[in-house]
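Report on the structure given below.
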Amino acid sequence: MSMSLKGRSEHMICFPRHIISRPWLSSKGVPGEKGEGGTEMDRELKIGIIGCGEIAVSHAHSIADARNARIVMTMDVKGEVAKDLADRYGAAYTTDLDEMLSNSDVDAVYIATPHYLHAPISVKAADAGKHVMVEKPIAVNLQQAQDMIETAKRNGVLLSVCFVMRYRPDVRKAKELIERGAIGDVIALKMSAMVDKPASYWHGGYSGRVKTDWRTKKDQSGGGILIMNAVHNIDVMRFITGLEAIRVYAEYDTFVTPVEVEDWINVIIRYDNGAIGSIDASSCARGKGDFGDRIFGEEGQIVLGTPLRIYTTLPVEGLEPGKWNEVQLPRIGNPRTLYIEEFAESVFSGADKPPVTGEDGLKALQIITAAYESGEKHQPVTFK
68 MSMSLKGRSE
78 HMICFPRHII
88 SRPWLSSKGV
98 PGEKGEGGTE
108 MDRELKIGII
118 GCGEIAVSHA
128 HSIADARNAR
138 IVMTMDVKGE
148 VAKDLADRYG
158 AAYTTDLDEM
168 LSNSDVDAVY
178 IATPHYLHAP
188 ISVKAADAGK
198 HVMVEKPIAV
208 NLQQAQDMIE
218 TAKRNGVLLS
228 VCFVMRYRPD
238 VRKAKELIER
248 GAIGDVIALK
258 MSAMVDKPAS
268 YWHGGYSGRV
278 KTDWRTKKDQ
288 SGGGILIMNA
298 VHNIDVMRFI
308 TGLEAIRVYA
318 EYDTFVTPVE
328 VEDWINVIIR
338 YDNGAIGSID
348 ASSCARGKGD
358 FGDRIFGEEG
368 QIVLGTPLRI
378 YTTLPVEGLE
388 PGKWNEVQLP
398 RIGNPRTLYI
408 EEFAESVFSG
418 ADKPPVTGED
428 GLKALQIITA
438 AYESGEKHQP
448 VTFK
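Residue numbers for the sequence shown follow my numbering, beginning at 68 and rising by one.
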């Protein structure tokens, strides 16, 4: 069902039934209890958080909001931050990774450590029989990512990368519109991640919660703005369009920031259907720029955002052809909470893979790795 008025349109958004139909506030029952009938939907995934810095605070809040998950333990080598996060949610805490992984109360772990620790901790957790959610990027190199995927499969546990932007309503709506052919065949993708990170970010993130310099070091972070931020844009475009990269060319440099990683990069991507993609990304865009994406088709274009904007020459239900339409999107909840809930449901249902997989993380990292290689060699990198 849809309606339009003077170029403005409202559409039903294609989310799983449980995402649309349930209330978001006070959705959790008593931890560990089942409702009438004791269904799978009443179960709670017991999660241990590994790495209690800045991003873990946001993710912990989302776990607490999830109807089918809760925090049972936190771990960080800095005991004060592990305790701080644990105390907020009535969980246990430790500074010992082995203690976390040997805890039978922990069903799954969420890894929010510096990038270079993603792979070794993920492999160790999977070997301990824990399901794994890991922050982006999946790892700092392709071999590490492949090891993570293979270890999870060998141990029969799920591995997922936290590409939470997939759960934004504009992203889901754009995917639906592309699948409906609303702008014809996709011919170009434009990705932008232009931000202005303060000097303090590189030694403590935005909040300064944990003082550390891993972000400044290539071997520990894997890179700069591309792997730290634009990885989301890369994954979102792949999710929406289903296109796979076949060739990458990039130029990058470190113009302003006293770090080992790039603070400016421009990437050109050729996709398997012939489409061309571009990424403009910077962490030193003074005055800031934009953080958004645009999809061009033979018959129109889609601009991500709230509201989502679409121009099409085609007759599409609910849209006025030949003019810009604003698609109003429903509020569906926190993308991180949606991500956690679907991951938990995958565990409970015995699914072979979660909605966002380790392979998804690997695909994004392949583009990033190729971009860095291209920038070093000053020539395109073609995937075999």
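Positions of the beta carbon are idealized from the N, C-alpha and C atoms, including for glycine.
The alpha helix (DSSP H) enclosing residue i, as first and last residue numbers
i	result
Ala219	Leu209 to Asn222
Tyr406	Pro402 to Ser416
Ile250	Run containing Ile250: none; DSSP gives neither H nor E here.
Ile188	His185 to Asp194
Residue i in three-state terms, based on DSSP
i	result
Glu318	strand
Ser349	strand
Gln446	coil
Arg361	strand
Ile294	helix
Asn300	helix
Val238	helix
Glu384	coil
Ser259	strand
Thr436	helix
Ile454	Here the chain has residues from 68 to 451 only, and residue 454 is not among them.
Pro421	coil
Val277	coil
Gly428	helix
Val97	Here Val97 scores only 35 on pLDDT, less than 50, and its place in the model should not be relied on; the value that follows carries that caveat. Three-state result, Val97: coil.
Arg282	helix
Lys451	coil
Ser441	helix
Ile399	coil
Val326	coil
Gly289	coil
Bridge partners - residue i, DSSP secondary structure assignment
i	result
Val307	The displayed chain sequence assigns Ile, not Val, to residue 307. Partner(s): none; Ile307 has no beta bridge.
Asn333	Glu318 and Asp347
Ile114	Ile138 and Ala175
Tyr338	Ala312
Which listed residue (the options) has its alpha carbon closest to that of residue i
i	options	result
Thr436	Asp427, Val448, Glu426 and Gly425	Val448
Ile203	Ala158, Ala123, Val334 and Leu256	Contrary to the premise, residue 203 reads as Lys rather than Ile in this sequence. Looking at the Cα atoms, Ala123 is the closest of the given residues.
Val207	Arg110, Lys430 and Lys444	Lys430
Arg134	Leu209, Ile407 and Ile116	Ile407
Ile117	Gly157, Tyr439, Val173 and Ala179	Ala179
Trp331	Thr308, Pro187 and Gly290	Gly290
Ser274	Met258, Glu121 and Asp252	Glu121
Gly452	Thr321, Ile114 and Arg247	Shown here, the chain extends from 68 to 451; a query on residue 452 therefore has no answer.
Asn296	Lys451, Ile346 and Gly271	Ile346
Pro20	Ala219, Lys150, Ala195 and Ala159	This structure cannot settle anything about residue 20, because the visible part of the chain is limited to 68 through 451.
Glu327	Val298, Ser288 and Val253	Ser288
Met232	Arg403, Leu209 and Asp151	Arg403
Val256	Ile335, Met142, Leu164 and Lys113	Going by the sequence as given, residue 256 is Leu instead of Val. Selected option, being the one with the closest Cα: Ile335.
Ile292	Val394, Ala438, Gly251 and Ile114	Ala438
Pro262	Ile245, Asp154, Gly356 and His185	The residue asked about is misnamed: residue 262 is Val in this sequence, not Pro. The residue with the shortest Cα to Cα distance from Val262 is Gly356.
Ser189	Asn222, Tyr160, Ser171 and Thr161	Asn222
Leu225	Leu244, Gly196 and Trp281	Gly196
Gln395	Thr308, Asn333 and Val370	Val370
Val176	Ala411, Ala418, Gln433 and Gly417	Ala411
Ala352	Ala266, Val277 and Val303	Ala266
Val452	Arg305, Tyr234 and Ser349	In the structure as shown, the chain begins at 68 and stops at 451. Residue 452 is therefore absent and cannot be evaluated.
Span of the beta strand (DSSP E), counted from its first residue to its last, around residue i
i	result
Ser227	Leu226 to Val228
Val201	His198 to Val201
Val370	Gly367 to Val370
Glu166	Here Glu166 belongs to no beta strand (DSSP E); instead the alpha helix (DSSP H) covers Leu164 to Leu168.
Ala159	Ala159 to Thr161
Ile205	Run containing Ile205: none; DSSP gives neither H nor E here.
4-residue-minimum alpha helix (DSSP H) runs that sit fully inside the stretch 127-156, ordered along the chain:
Secondary structure within the stretch 127-156: the alpha helix (DSSP H) runs of 4 or more consecutive residues, fully enclosed, are 146-156 (chain order).
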